[in-house]
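Per this note's numbering, residue 38 is the first one in the sequence shown, and the count goes up by one each step.
Built from N, CA and C at the ideal position, the CB exists for glycine as well.
Everything on this sheet refers to the single structure shown next.
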Amino acid sequence: MKQIWILFILFALFFYSSPLFAQDSLKIENLLQRIQVLEDKAEQSELAKILNEAEKKSTEKKEESTSKTFKSGQRALQAINPEISVTGDAYGQYILNNDMFNKETRTGAYFRVVGLHIQSALDPFSLAKAIIEVTPDGVELGEAYITWNSILPGIDLTAGKFRQQFGVVNRWHEHALDQFDYPLALQTILGEEGLNQMGISIDWFFSPLLADANNLTLEITNGQNEHLFSGEAFSFPSVLAHLKNYFDLTRETYLEIGFSGMMGFNNLRGYVDGNKVLEETRYTKLGGIDLTVFWEPLNQAKYHSLMWRSELFYADKDERTGPNTTAFGGYSYIETKLNESWLTGLRVDYTQPFMQYNSDISIFQLVPYITWLQSEYVRLRLQYNYIEGKNIDAGDNILRLQLGWAMGPHKHDRY
38 MKQIWILFIL
48 FALFFYSSPL
58 FAQDSLKIEN
68 LLQRIQVLED
78 KAEQSELAKI
88 LNEAEKKSTE
98 KKEESTSKTF
108 KSGQRALQAI
118 NPEISVTGDA
128 YGQYILNNDM
138 FNKETRTGAY
148 FRVVGLHIQS
158 ALDPFSLAKA
168 IIEVTPDGVE
178 LGEAYITWNS
188 ILPGIDLTAG
198 KFRQQFGVVN
208 RWHEHALDQF
218 DYPLALQTIL
228 GEEGLNQMGI
238 SIDWFFSPLL
248 ADANNLTLEI
258 TNGQNEHLFS
268 GEAFSFPSVL
278 AHLKNYFDLT
288 RETYLEIGFS
298 GMMGFNNLRG
308 YVDGNKVLEE
318 TRYTKLGGID
328 LTVFWEPLNQ
338 AKYHSLMWRS
348 ELFYADKDER
358 TGPNTTAFGG
368 YSYIETKLNE
378 SWLTGLRVDY
388 TQPFMQYNSD
398 ISIFQLVPYI
408 TWLQSEYVRL
418 RLQYNYIEGK
428 NIDAGDNILR
438 LQLGWAMGPH
448 KHDRY
């Protein structure tokens, strides 16, 4: 009986639980169907989204291609227009003597120059520059030249009228100098406006030799400088060579040492006032050395720097009669940046006058100055020239306030 009751209970449980199992199976099946439906909808939605994005991108590309097709080309024409900049240089001065004037100048306000600077990349291989200067005396051509880059590996070629690479400062224009004027020795020995002649210049950047970088410049020009060479008479060629050596002393400091040499004719050859002139050959020989040390702290270059620059010049000119004219001179200045807007410095000048029999004659000058940079485009400079001479009337001391301004892409470019 006990076994029969057990079988009966199991049989009853079987028939009682069968409907429950059936209901659970139906629920599970319904859930699986719903999940499948949701997955199908999600896949369709994702596919529709991808197709929609692809269609949008295709439409945008079509619109872009259509807009490019119908461009007028005006922007392309602007790209070939030259870059034009204008610089201005004016000043006021006070002559420190009882009369407030001397033989050369007088106390007052003066306009020195307005420079029109034009530059353009002619093609991938050449660049042209022209500088036209307007002064109270008229209009003159400052520079006009074309440069071919890398005509040979490491070699550039320049042809035209240009300020020559004798030392450092001779290459710069007045409005871009660190002081108001060129150093006294440069004006006295190289001429009031320095060396600026017609010809060709070859710049060779060769593999480092005893330095971190080397550059050799060779220039062949007309001897148009009347102070040193034949001037307007036939005076070709005058030859100049300049070797620059660059050294990285530290991550924040570099050193540059340069050597310059030049030779040309100063005898007259050609027609003067309709008469043929063939003078005996005479030469002018020039030598120079320049040194620059520049410190600029990392991440602080906008606010602090210190520079020391010096140059020495020597000239030996054969004369028609009497001894050769020889002259020696140089300058040295130190300049420091106090902050983003203020610079101050001191220049010391020494030179012999460019004349015969000058062994006991010399001129000395101290030039303290301070410059305020309102911006990259506007600056003011206050400078004092204290000058005295040995066995010569050296002139009067002068206080000047200079205003320099620039508009256009090149600001106060030195080249």
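Within the same chain, Cβ atoms closer than 6 Å to the Cβ of Ala-181 are found at Ala-167, Gly-197 and Lys-198, the five residues on either side in sequence being excluded. Taking C-alpha positions only, Ile-183 is separated from Met-300 by approximately 24 Å. Counting C-beta atoms within 10 angstroms of its own C-beta, Asn-312 has fewer than 16 neighbours from the protein chains shown and is therefore classed as exposed. When beta bridges are read from the DSSP output, Phe-273 appears opposite no residue. DSSP places Glu-92 in the helix class (H, G or I) of the three-state scheme.
Selection Met-444, Trp-379, Val-276 and Gly-298 evaluated against Asp-215 yields Trp-379 as nearest (Cα-Cα). Spatial neighbours of Asp-433 in its own chain (CB-CB distance under 8 Å, excluding positions within 5 residues in sequence) are listed in chain order as Ile-132, Leu-133, Asn-134, Asn-139 and Ile-424. The secondary-structure analysis by DSSP pairs Glu-120 across a beta bridge with Gln-156. Membership of Val-171 in the beta strand (DSSP E) is indicated by the continuous run 163-172. The beta carbons of Thr-225 and Phe-365 sit about 10 Å from each other, so the pair does not count as a contact at 8 Å. In the DSSP assignment, Trp-409 falls within the beta strand (DSSP E) that extends over 399-410. Straight-line measurement puts the Cα of Gly-179 at about 22 Å from the Cα of His-279. A contact between stretches requires three or more CB pairs, one per stretch, nearer than 8 Å, and the stretch 367-383 meets this requirement with the stretch 342-351. Beta bridge pairing from DSSP links Asp-240 with Asp-193 and Thr-254.
When Leu-159, Phe-162 and Gly-152 are compared, the shortest CA-CA separation from Val-171 is found for Gly-152. Counting only the Cα atoms, Gln-393 lies some 8 Å from Gly-359. Val-206 and Asp-430 have their C-alpha atoms some 26 Å from each other. With contacts defined by Cβ atoms closer than 9 Å, Ile-400 and Lys-427 form a contacting pair. Rounded to whole angstroms, the gap between the alpha carbons of Gly-260 and Gly-382 is 35 Å. A straight line joining the alpha-carbon of Ser-297 with that of Asp-136 spans about 42 Å. The DSSP-derived three-state label of Glu-293 is strand. The C-beta distance from Phe-242 to Gly-191 rounds to 5 Å, short enough to fall under 8 Å.
As the crow flies, the alpha-carbon of Ala-443 is around 55 Å from that of Ile-87.
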